[in-house]
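Structure record follows, encoded as structure tokens.
Residue numbers (the working numbering): 20 to 115.
Structure, rendered in structure tokens:
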């Protein structure tokens with residue numbers, strides 16, 4: 020679903036070819052490990068995860084996708100992919 024969202028939101032979503040927008044379940048795994056991820060991002064001088072809403076690639080319908088609040092894990096499907104603003108946290112791989 021990343022490519023579909025990328026095509027709908029061009030040029031606002033700019034992702035490298037090896038990156039993708041995580042699914043709802045994957046983003047939830049990120050929130051569970053947010054403290055360790057932020058420590059690693061800080062060490063690497065990267066941008067830490069913020070307590071804000073982030074898009075997922077999990078669709079709710081043809082026009083909506085799920086979002087997740089990284090400040091507490093709340094989910095919503097309130098925004099349409101084509102017109103709603105929001106943050107995207109691209110990932111390159113998941114190691115389980």
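The beta-carbon is built from N, C-alpha and C at its ideal position, and this holds for glycine as well.
- Residue 38 carries a coil assignment under DSSP once its states are collapsed to helix, strand and coil.
- Under the DSSP assignment, residue 87 falls in the beta strand (DSSP E) whose first and last residues are 84-88.
- In the DSSP assignment, residue 94 forms a beta bridge with 87.
- Here residue 108 carries a coil assignment [DSSP, helix/strand/coil].
- Distance check between residue 91 and each of 73, 81, 63 places 73 closest, using alpha-carbon atoms only.
- In terms of Cβ geometry, residue 109 and residue 38 form a close pair [threshold 8 Å].
- Here the C-alpha atom of residue 56 lies approximately 31 Å from the C-alpha atom of residue 82.
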